[in-house]
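> Sequential numbering of the sequence shown, starting at 204, is according to our numbering.
Please find one structure pasted underneath; my questions will follow.
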Amino acid sequence: MKRKLFLIMAFCLSALMITGCSDQGDGTPSETSAVQTEKTDTTEADAVPFSETVGVWSYNDEFVFHSSDGNRYLLKEDSSGTVQSTDGKSYSVQECDYRLYQIKHLENDKLTVSEGRYFETALNSKDYPDGYKKLVITYEKSDLFDADTLEKAVKGESVSAETMAETQGETEAVTTESETSAPETESVTETEQAQSETESETSESEASTSADEDASTAEEAEYAGIYKKIEDFLETDNYKQKDPGNRSLEVFNYLHNLADANIEEASITNDTAKNEVSFKCYEKYTIIVNNTDGTITVNTES
Numbered sequence: 204m205k206r207k208l209f210l211i212m213a214f215c216l217s218a219l220m221i222t223g224c225s226d227q228g229d230g231t232p233s234e235t236s237a238v239q240t241e242k243t244d245t246t247e248a249d250a251v252p253f254s255e256t257v258g259v260w261s262y263n264d265e266f267v268f269h270s271s272d273g274n275r276y277l278l279k280e281d282s283s284g285t286v287q288s289t290d291g292k293s294y295s296v297q298e299c300d301y302r303l304y305q306i307k308h309l310e311n312d313k314l315t316v317s318e319g320r321y322f323e324t325a326l327n328s329k330d331y332p333d334g335y336k337k338l339v340i341t342y343e344k345s346d347l348f349d350a351d352t353l354e355k356a357v358k359g360e361s362v363s364a365e366t367m368a369e370t371q372g373e374t375e376a377v378t379t380e381s382e383t384s385a386p387e388t389e390s391v392t393e394t395e396q397a398q399s400e401t402e403s404e405t406s407e408s409e410a411s412t413s414a415d416e417d418a419s420t421a422e423e424a425e426y427a428g429i430y431k432k433i434e435d436f437l438e439t440d441n442y443k444q445k446d447p448g449n450r451s452l453e454v455f456n457y458l459h460n461l462a463d464a465n466i467e468e469a470s471i472t473n474d475t476a477k478n479e480v481s482f483k484c485y486e487k488y489t490i491i492v493n494n495t496d497g498t499i500t501v502n503t504e505s
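What follows is the structure, encoded as structure tokens:
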């Protein structure tokens, strides 16, 4: 009888030990299983493969080349660069330090990605300890560059003089055509000239902003450089073709990308209810961009 009781107790003890090894006793998976689940949950799937995005993409005045080798490269305007655009400017090809996190959307000539851009002011911050801010950027397809020429450049191959000559030839042809049509412009009658001048004055009047200070003052003010950059950005197709909400997002990202030392980065705010983006600069000015009507207002602290 004692022997039977001993065998039953030994069997129960073995069953308990097996159960203890399979989990942590409270139904929680083992450590290895938990880590694998975390990695799976944080993986962001691309909407399309990188190979479908090969080409040159532009954002404001930036050009990013998606190469067939699976890497991204920045095209920087450089008088000594080996690559020429169709408008005759020279560019150098550099490694792109923008971190591509996810290809979110691709439609015709627009590419939306989630990427990280480095900001020295964000380094060691709570949200961006490595200094890379996660931004959503919408690029537009650019046809200013020859893809084969860029592929050779990223591989370290020299761009042939023949290719450069063809690009220059196309540019000269466009210039010649423009010059040929000049006499037609000069033959405009005095009445047409007067009408054109009137229309120009009307257009300039409609383009005036609702700033507290008039345009001439804004050009001479301390914040003139920042004001002009925003003003130019509001004239881009990338801004005009979007609805007010997405315009605000574009302006918000643009201001962060400027990384201007005179802009208080922490003050950049996107008011989604009003479709307004505001920020402080030079410690005494508050600039408000209304993205419903595309106006800029400047307030000065007393």
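Built from N, CA and C at the ideal position, the CB exists for glycine as well.
#1: Could you tell me which residues DSSP puts in a beta bridge with R275?
#2: Would L314 be called buried (16 or more neighbouring beta carbons within 10 Å of its own) or exposed?
#3: Identify whether S225 lies in helix, strand or coil by the three-state DSSP scheme.
#4: What do you get for T352, buried or exposed, if any count of 16 or more other CB atoms within 10 angstroms of its CB means buried?
#5: Assign E479 to buried or exposed, taking buried as 16 or more other Cβ atoms, counted over all protein chains shown, within 10 Å of its Cβ.
#6: When the Cβ atoms of the segment 271 to 281 are set against those of the segment 320 to 335, are three or more pairs found closer than 8 Å?
#7: If you measure between the beta carbons of K483 and S470, is that distance less than 7 Å?
#8: Look up Y485 in the DSSP assignment and say whether it is helix, strand or coil.
#9: Which residues mark the beginning and the end of the alpha helix (DSSP H) in which G428 is found?
#10: How would you call D417, buried or exposed, if buried means at least 16 neighbouring beta carbons within 10 angstroms?
#11: How would you write the range of the beta strand (DSSP E) that G448 sits in, first residue to last?
#12: Strictly by DSSP, which residues pair up with D249?
#13: Would you give the residue range spanned by the alpha helix (DSSP H) that K355 belongs to?
#14: For E504, which of helix, strand or coil comes out of DSSP?
#15: Which residue from R320, E323, D281, W260 puts its Cα closest to that of N311?
#16: Quick check: what's the CA-CA separation for V492 versus E423?
#17: Going straight from the alpha carbon of T289 to that of K279, what length do you get?
#18: Which of the three DSSP states, helix, strand or coil, is assigned to S295?
#19: Residue range of the beta strand (DSSP E) that N473 falls in?
#20: Am I right that T256 and L309 are in contact with their C-beta atoms under 8 Å? What's the rounded C-beta distance?
#21: Drop a sphere of 10 angstroms on the beta-carbon of K336, count the other beta-carbons inside from all chains shown, and report buried for 16 or more, exposed for fewer.
Working from what's here:
#1: H269
#2: buried
#3: Reliability fails at S225, whose pLDDT of 44 lies under 50, so the model's placement of it is uncertain and the value that follows must be treated cautiously. Of the three classes helix, strand and coil, the one that applies to S225 here is helix, per DSSP.
#4: buried
#5: buried
#6: no
#7: yes
#8: coil
#9: 427 to 436
#10: Annotation note: pLDDT 47 at D417 (below 50); position unreliable, coordinate value reported separately. The residue in question, D417, is exposed, as its Cβ has fewer than 16 Cβ neighbours within 10 Å.
#11: Premise fails: G448 lies in the alpha helix (DSSP H), 447 to 461, not in any beta strand (DSSP E).
#12: D249 is not bridged to any residue.
#13: 350 to 357
#14: coil
#15: W260
#16: 19 Å
#17: 15 Å
#18: strand
#19: 472 to 474
#20: 6 Å
#21: buried
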